[in-house]
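The number in our numbering is simply the position in the sequence shown, starting from 1, with 1 added.
Beta carbons: idealized from backbone N, C-alpha and C, even for Gly.
Worksheet: the structure to be examined is printed underneath.
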Amino acid sequence: KSDLKIRLTADIDMNGISYFPPIGKHYLWLKGPELYFNGIFDGQSHVIYNLRIEKDDVEAETGLFGRIDGAIVQNLGIVNATLKNSNALRAGVLGGCAVNSKITNCFTTGNINTDNCICSYNHRNGSGLFGLITSGSVVTNCYTTYGTLHHEPDSRESIFENCYWGEEAIAEAPTGELCYKLNGDQ
(Lines of atoms letter the chains of each structure in order from A; the text may use other names.)
(Lines give C-alpha, C1' and ligand atoms only; values in the text may rest on other atoms or scores of the structure.)
Protein backbone atom coordinates (compact mmCIF):
# COMPACT_ATOMS: atom_id res chain seq x y z
CA LYS A 2 0.00 0.00 0.00
CA SER A 3 1.51 3.33 -1.02
CA ASP A 4 -0.98 5.95 0.21
CA LEU A 5 -0.20 5.55 3.91
CA LYS A 6 -0.20 8.35 6.44
CA ILE A 7 2.96 7.93 8.52
CA ARG A 8 3.98 9.96 11.58
CA LEU A 9 7.21 9.47 13.47
CA THR A 10 6.76 9.58 17.23
CA ALA A 11 10.47 9.44 18.14
CA ASP A 12 13.93 9.78 16.64
CA ILE A 13 15.25 6.66 14.92
CA ASP A 14 18.86 5.48 15.04
CA MET A 15 19.52 3.06 12.18
CA ASN A 16 23.08 2.31 13.22
CA GLY A 17 23.83 -1.34 12.47
CA ILE A 18 21.18 -1.67 9.76
CA SER A 19 23.13 -2.12 6.53
CA TYR A 20 20.22 -2.48 4.15
CA PHE A 21 17.14 -0.32 4.22
CA PRO A 22 14.86 -0.86 1.22
CA PRO A 23 13.67 2.51 -0.11
CA ILE A 24 10.00 3.38 0.39
CA GLY A 25 8.30 3.48 -3.02
CA LYS A 26 9.72 1.94 -6.17
CA HIS A 27 10.41 2.97 -9.73
CA TYR A 28 12.36 0.95 -12.26
CA LEU A 29 13.88 2.14 -15.50
CA TRP A 30 12.10 0.69 -18.53
CA LEU A 31 9.34 -0.54 -16.16
CA LYS A 32 11.18 -3.81 -15.57
CA GLY A 33 9.80 -4.19 -12.06
CA PRO A 34 6.72 -3.37 -10.03
CA GLU A 35 5.87 0.33 -9.81
CA LEU A 36 4.78 1.29 -6.32
CA TYR A 37 5.29 5.02 -5.80
CA PHE A 38 4.75 6.42 -2.33
CA ASN A 39 1.84 8.86 -2.59
CA GLY A 40 0.88 9.24 1.05
CA ILE A 41 1.92 11.58 3.85
CA PHE A 42 5.15 11.13 5.78
CA ASP A 43 5.30 13.51 8.75
CA GLY A 44 8.50 13.33 10.75
CA GLN A 45 6.95 15.56 13.42
CA SER A 46 10.38 17.24 13.79
CA HIS A 47 12.12 13.93 14.54
CA VAL A 48 15.43 12.82 13.08
CA ILE A 49 16.55 9.59 11.42
CA TYR A 50 20.21 8.97 12.26
CA ASN A 51 22.72 6.83 10.39
CA LEU A 52 20.56 5.89 7.40
CA ARG A 53 22.53 3.44 5.27
CA ILE A 54 21.37 2.12 1.93
CA GLU A 55 23.62 -0.31 0.09
CA LYS A 56 22.35 -1.66 -3.22
CA ASP A 57 23.57 -2.75 -6.59
CA ASP A 58 20.49 -2.26 -8.72
CA VAL A 59 21.04 -0.79 -12.16
CA GLU A 60 17.44 0.34 -12.57
CA ALA A 61 16.11 1.40 -9.14
CA GLU A 62 16.00 4.86 -7.58
CA THR A 63 17.70 5.14 -4.21
CA GLY A 64 17.14 7.05 -0.95
CA LEU A 65 14.85 6.89 2.08
CA PHE A 66 12.16 6.99 -0.61
CA GLY A 67 12.73 5.46 -4.02
CA ARG A 68 10.08 7.59 -5.72
CA ILE A 69 7.29 9.75 -4.38
CA ASP A 70 4.44 10.89 -6.61
CA GLY A 71 1.67 13.12 -5.25
CA ALA A 72 3.11 12.72 -1.73
CA ILE A 73 3.78 15.02 1.21
CA VAL A 74 7.05 14.65 3.11
CA GLN A 75 7.43 17.11 5.97
CA ASN A 76 9.12 17.93 9.26
CA LEU A 77 11.91 15.37 8.88
CA GLY A 78 15.65 15.44 9.45
CA ILE A 79 18.23 12.89 8.38
CA VAL A 80 21.67 13.03 9.98
CA ASN A 81 24.66 10.97 8.79
CA ALA A 82 23.50 9.15 5.68
CA THR A 83 25.39 6.80 3.40
CA LEU A 84 24.07 5.79 -0.01
CA LYS A 85 26.00 3.15 -1.89
CA ASN A 86 24.63 2.04 -5.22
CA SER A 87 27.09 1.91 -8.06
CA ASN A 88 24.24 1.61 -10.55
CA ALA A 89 21.52 3.87 -9.15
CA LEU A 90 19.08 5.44 -11.57
CA ARG A 91 18.69 8.51 -9.33
CA ALA A 92 19.86 8.95 -5.76
CA GLY A 93 19.33 11.42 -2.93
CA VAL A 94 19.29 11.16 0.82
CA LEU A 95 15.53 11.73 1.04
CA GLY A 96 14.83 9.98 -2.24
CA GLY A 97 15.58 9.20 -5.83
CA CYS A 98 12.73 11.16 -7.41
CA ALA A 99 9.91 13.48 -6.31
CA VAL A 100 7.06 13.99 -8.78
CA ASN A 101 4.18 16.40 -8.12
CA SER A 102 4.92 16.29 -4.39
CA LYS A 103 5.37 18.67 -1.46
CA ILE A 104 8.55 18.57 0.61
CA THR A 105 8.47 20.93 3.59
CA ASN A 106 10.68 21.57 6.63
CA CYS A 107 13.19 18.81 5.85
CA PHE A 108 16.96 18.72 6.25
CA THR A 109 19.90 16.41 5.77
CA THR A 110 23.19 17.04 7.50
CA GLY A 111 26.26 15.44 8.99
CA ASN A 112 28.36 12.87 7.18
CA ILE A 113 26.53 12.45 3.88
CA ASN A 114 28.31 9.97 1.64
CA THR A 115 26.99 9.46 -1.87
CA ASP A 116 30.35 9.13 -3.60
CA ASN A 117 29.62 5.67 -4.96
CA CYS A 118 26.37 6.66 -6.66
CA ILE A 119 27.34 6.45 -10.32
CA CYS A 120 24.82 6.09 -13.07
CA SER A 121 25.23 4.79 -16.58
CA TYR A 122 22.01 6.42 -17.87
CA ASN A 123 23.17 10.07 -17.81
CA HIS A 124 21.26 10.77 -14.60
CA ARG A 125 23.36 12.63 -12.10
CA ASN A 126 23.31 11.17 -8.63
CA GLY A 127 24.18 11.83 -5.05
CA SER A 128 22.25 14.82 -3.72
CA GLY A 129 21.20 16.10 -0.34
CA LEU A 130 17.45 15.78 -0.88
CA PHE A 131 16.31 14.11 -4.13
CA GLY A 132 18.10 13.09 -7.30
CA LEU A 133 15.26 14.65 -9.33
CA ILE A 134 12.48 16.99 -8.22
CA THR A 135 9.99 17.52 -11.03
CA SER A 136 6.49 18.05 -12.43
CA GLY A 137 4.96 20.60 -10.11
CA SER A 138 6.73 19.62 -6.89
CA VAL A 139 7.07 22.31 -4.23
CA VAL A 140 10.06 22.33 -1.88
CA THR A 141 9.85 24.77 1.03
CA ASN A 142 12.05 25.50 4.06
CA CYS A 143 14.58 22.73 3.37
CA TYR A 144 18.33 22.54 3.62
CA THR A 145 21.25 20.17 3.30
CA THR A 146 24.90 20.50 4.21
CA TYR A 147 25.62 18.41 1.11
CA GLY A 148 26.79 20.27 -2.00
CA THR A 149 23.51 19.93 -3.91
CA LEU A 150 19.85 20.07 -2.92
CA HIS A 151 18.80 18.13 -6.02
CA HIS A 152 20.99 16.98 -8.86
CA GLU A 153 19.01 16.67 -12.05
CA PRO A 154 19.16 19.94 -14.01
CA ASP A 155 15.71 19.46 -15.58
CA SER A 156 13.61 20.01 -12.48
CA ARG A 157 10.69 21.12 -14.61
CA GLU A 158 7.91 23.25 -13.20
CA SER A 159 9.10 22.79 -9.62
CA ILE A 160 9.13 25.54 -7.03
CA PHE A 161 11.93 25.97 -4.50
CA GLU A 162 11.24 28.43 -1.67
CA ASN A 163 13.57 29.23 1.19
CA CYS A 164 15.97 26.33 0.51
CA TYR A 165 19.71 26.20 1.22
CA TRP A 166 22.51 23.75 0.45
CA GLY A 167 26.23 23.30 0.85
CA GLU A 168 28.24 23.66 4.03
CA GLU A 169 29.85 26.88 2.82
CA ALA A 170 26.55 28.58 1.96
CA ILE A 171 25.09 27.61 5.32
CA ALA A 172 28.26 28.49 7.23
CA GLU A 173 28.38 31.95 5.65
CA ALA A 174 25.03 32.86 7.20
CA PRO A 175 25.45 34.81 10.44
CA THR A 176 24.55 33.00 13.66
CA GLY A 177 20.83 32.34 13.74
CA GLU A 178 20.19 33.60 10.21
CA LEU A 179 19.49 30.17 8.69
CA CYS A 180 17.11 29.32 11.53
CA TYR A 181 15.42 32.69 11.06
CA LYS A 182 15.00 32.16 7.32
CA LEU A 183 13.79 28.57 7.61
CA ASN A 184 11.18 29.65 10.15
CA GLY A 185 9.59 32.14 7.78
CA ASP A 186 11.42 35.17 9.20
CA GLN A 187 10.27 34.36 12.73
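Just so you know, the alpha carbons of A11 and V80 end up roughly 14 Å apart. When DSSP states are grouped into helix, strand and coil, E158 belongs to the coil group. A residue is called buried when at least 16 other Cβ atoms come within 10 angstroms of its Cβ; N106 meets this threshold and is buried. Distance between G67 and G132, taken at the CA atoms: about 10 Å.
It is roughly 31 Å from the alpha-carbon of N39 to the alpha-carbon of E168. Bounds of the beta strand (DSSP E) holding G67 are F66 to D70. Residue pairing by DSSP places A92 opposite T63 in a beta bridge.
N16 sits exposed, since fewer than 16 C-beta atoms from the chains shown fall within 10 Å of its C-beta. Burial state of L84 is buried, judged by a 10 Å Cβ sphere holding 16 or more other Cβ atoms.
Scanning its chain for C-beta atoms nearer than 7 Å, with the 5 sequence neighbours on each side dropped, one finds around N51 the residues D14, M15, N16 and N81, in chain order. If you compare the alpha carbons of G71, I160 and L77 with that of V48, the shortest gap goes to L77. Less than 8 Å separates the beta-carbon of S102 from that of S138.
About 17 Å separates the beta carbon of V94 from that of T135, a gap too long to meet the 8 Å contact definition.
With distances taken between CA atoms, I69 lies nearest to L36 out of I54, D43 and L36. Counting every other CB atom within 10 Å of its CB across the protein chains shown gives P23 a total of 16 or more, marking it as buried.
Judged by DSSP secondary structure, G148 falls outside any beta strand (DSSP E); it is assigned neither H nor E.
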